[in-house]
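Participant: Shown below is the structure under consideration.
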Amino acid sequence: MSDKKILGEIGEKIAQEYLIKKNYLLVALNWRYKKAEVDIISQLKDTLVFVEVKCRKSDFFSRPEQAINHKKEELYKLAAENYLETNNLENEIRFDVISIIHNNNKTEIEHFISAF
């Protein structure tokens, strides 16, 4: 397994723990639809929250959240629509980003609510 893949999995675990501490209910992990993969689908009260997790070892080149482009946003929206249809849901939804810098057991988390 590549270092990038391992770091991504670590980041997703950190994000899951963070959301649970903030009283989110984890509904689905790594949910796929066509070319889209939603890292975390969670629920806070009546709102379904589709969460993209970006994790890096440093912000030397750019912040993790800056890796999300318009195409990624559109894929996320398409996946969310399909998730709602597949599960016959009519919840309010939003799209969050959790940006993580994790290096040498030092972790910085930033949560962007309604990021796009």
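Using the working numbering, the first residue of the sequence shown is number 2, and each one after it goes up by one.
The C-beta atom is built at its ideal place from N, Cα and C for all residues, glycine as well.
Please read all numbers here as calculations on a predicted model, not as lab measurements.
For the beta strand (DSSP E) containing Leu114, list its first residue and its last residue.
Facilitator: The residue you asked about is not Leu; residue 114 is Ile in the sequence shown. That residue, Ile114, is in no beta strand (DSSP E); it is neither H nor E in DSSP.
Participant: Sorted by chain position, which residues of the same chain lie with C-beta nearer than 6 Å to Glu111's C-beta, five sequence neighbours on each side aside?
Facilitator: The beta carbon of Glu111 lies closer than 6 Å to those of Ser100 in the same chain, with the five residues before and after it left out.
Participant: Skipping 5 residues on each side, what residues in its chain have a beta carbon closer than 8 Å to that of Gly9?
Facilitator: Val54, Cys56
Participant: Provide the residue span of the beta strand (DSSP E) that contains Lys55, from first to last.
Facilitator: 48-57
Participant: Quick check: the Cα distance between Gln44 and Gln17, rounded to an integer number of angstroms?
Facilitator: Computed Cα separation, rounded: 12 Å.
Participant: Less than 8 Å between the C-beta atoms of Val28 and Asp40, yes or no?
Facilitator: no
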